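Down below is the structure, laid out as structure tokens.
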Amino acid sequence: MTSNRHKEAVRKIYERLYQAIGPLRWWPADSPFEVIIGAILTQNTSWTNVEKAIRVLKEKNLLHPRRLYAIPEEALAQAIRSSGFFNLKAKRIKSFLGFLFQQYQGSLDRMFSEDTETLRGKMLTINGMGPETVDSILLYAGGKPVFVVDAYTRRILSRHGLISEKAGYEEIQQLFMDSLEKDAGLFNEYHALLVHTGKHHCKKRYNCPRCPLEGLGRRRRVAMAR
DNA sequence: CACCAGGCAAGTA
DNA sequence: TACTTGCATGGT
Numbered sequence: 564m565t566s567n568r569h570k571e572a573v574r575k576i577y578e579r580l581y582q583a584i585g586p587l588r589w590w591p592a593d594s595p596f597e598v599i600i601g602a603i604l605t606q607n608t609s610w611t612n613v614e615k616a617i618r619v620l621k622e623k624n625l626l627h628p629r630r631l632y633a634i635p636e637e638a639l640a641q642a643i644r645s646s647g648f649f650n651l652k653a654k655r656i657k658s659f660l661g662f663l664f665q666q667y668q669g670s671l672d673r674m675f676s677e678d679t680e681t682l683r684g685k686m687l688t689i690n691g692m693g694p695e696t697v698d699s700i701l702l703y704a705g706g707k708p709v710f711v712v713d714a715y716t717r718r719i720l721s722r723h724g725l726i727s728e729k730a731g732y733e734e735i736q737q738l739f740m741d742s743l744e745k746d747a748g749l750f751n752e753y754h755a756l757l758v759h760t761g762k763h764h765c766k767k768r769y770n771c772p773r774c775p776l777e778g779l780g781r782r783r784r785v786a787m788a789r
């Protein structure tokens with residue numbers, strides 16, 4: 564159960580961030596398939612390194628399900644080298660493609676036509692697809708109203724005393740979904756704002772000056788993730 | 001030089 | 001169940 568006080572805080576944080584930072588227009592990609600590849604490539608990896616890998620895939624005209632499905636895993640690994648963990652990620656992309664082609668004949672439209680909860684459960688069984696990656700894909704590639712929780716989300720909420728430092732993924736997700744309208748556009752913007760804030764304002768262990776969230780309720784020291 | 005970045009799975013006790 | 005470790009590049 565989420566307290567009304569916590570629900571209020573969650574809504575207030577959104578208002579503050581939106582006023583200060585404005586609409587971010589996520590996910591930064593040209594197609595749903597690009598979102599999916601980006602979601603896998605960005606696992607524990609800086610976005611700038613992911614952008615380089617995406618650029619290479621585009622130059623080689625590989626950013627389509629059939630093209631990627633056709634090339635050898637080793638070739639894919641070399642193409643995405645700059646994103647780090649490239650052998651692992653090539654394997655994960657291949658795992659997803661195997662799923663996409665076996666279950667939906669390679670069609671993202673067919674995949675996203677499936678009931679969201681059912682699809683989420685199936686995707687979580689794919690090797691390399693954990694909750695954050697799956698939810699990012701559902702929200703940003705599929706437009707489904709699913710809230711995405713990541714390390715920045717954890718840190719910011721924890722710092723504001725809204726969750727314990729070892730709260731589980733689903734628990735944090737529930738806090739947002741209990742507090743907000745079930746609106747994909749809102750979830751899209753909110754997660755983007757949290758990432759932006761985490762990157763640019765909340766890198767320090769203590770309160771960060773000039774943070775849009777400064778002065779919002781009690782804040783506490785919190786260790787960096789890990 | 002050390003530390004970090006829009007995680008996840010597999011191994012260990 | 002609860003930690004720990006491997007995966008790897010590139011920027012600060």
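This note's numbering puts the first sequence at residues 564 to 789.
The beta-carbon is built from N, C-alpha and C at its ideal position, and this holds for glycine as well.
Bear in mind the structure is a predicted one, so any value in this text is a computation, not a measurement.
Assignment of H627 by DSSP, reduced to helix, strand and coil, places it in the coil class.
Per DSSP, the unbroken alpha helix (DSSP H) holding Q737 starts and ends at Y732 to S742. Here DSSP, grouped into helix, strand and coil, assigns I617 to helix. In the assembly as shown, G585 is an exposed residue. Its beta-carbon has fewer than 16 other beta-carbons within 10 Å.
Burial is judged here by how many other beta carbons sit within 10 angstroms of a residue's own beta carbon; A633 has fewer than 16 and is exposed. The three-state reading of DSSP puts L725 in coil, since its state is none of H, G, I, E or B. By the criterion of a C-beta distance shorter than 6 Å, I700 is surrounded in its chain by I599 and A602, once the five residues flanking it on both sides are discounted. In this model, L631 and I617 are separated by some 13 Å (Cα to Cα). When K654, G731, T760 and S646 are compared, the shortest CA-CA separation from P635 is found for K654.
Look at the beta carbons and you see the region 747 to 765 touching the region 690 to 708: at least three pairs across the two are nearer than 8 Å.
Comparing alpha-carbon positions, the option among R673, N690 and P628 lying closest to L660 turns out to be P628. If you draw a 10 Å sphere on the C-beta of D672, you find fewer than 16 other C-beta atoms in it, and that means exposed.
Around the beta carbon of R773, fewer than 16 other beta carbons lie within 10 angstroms, which makes this residue exposed.
In this structure, the beta-carbon distance from I735 to V758 does not fall below 8 Å.
Judged by DSSP in its simplified three-state form, Q606 adopts coil rather than helix or strand.
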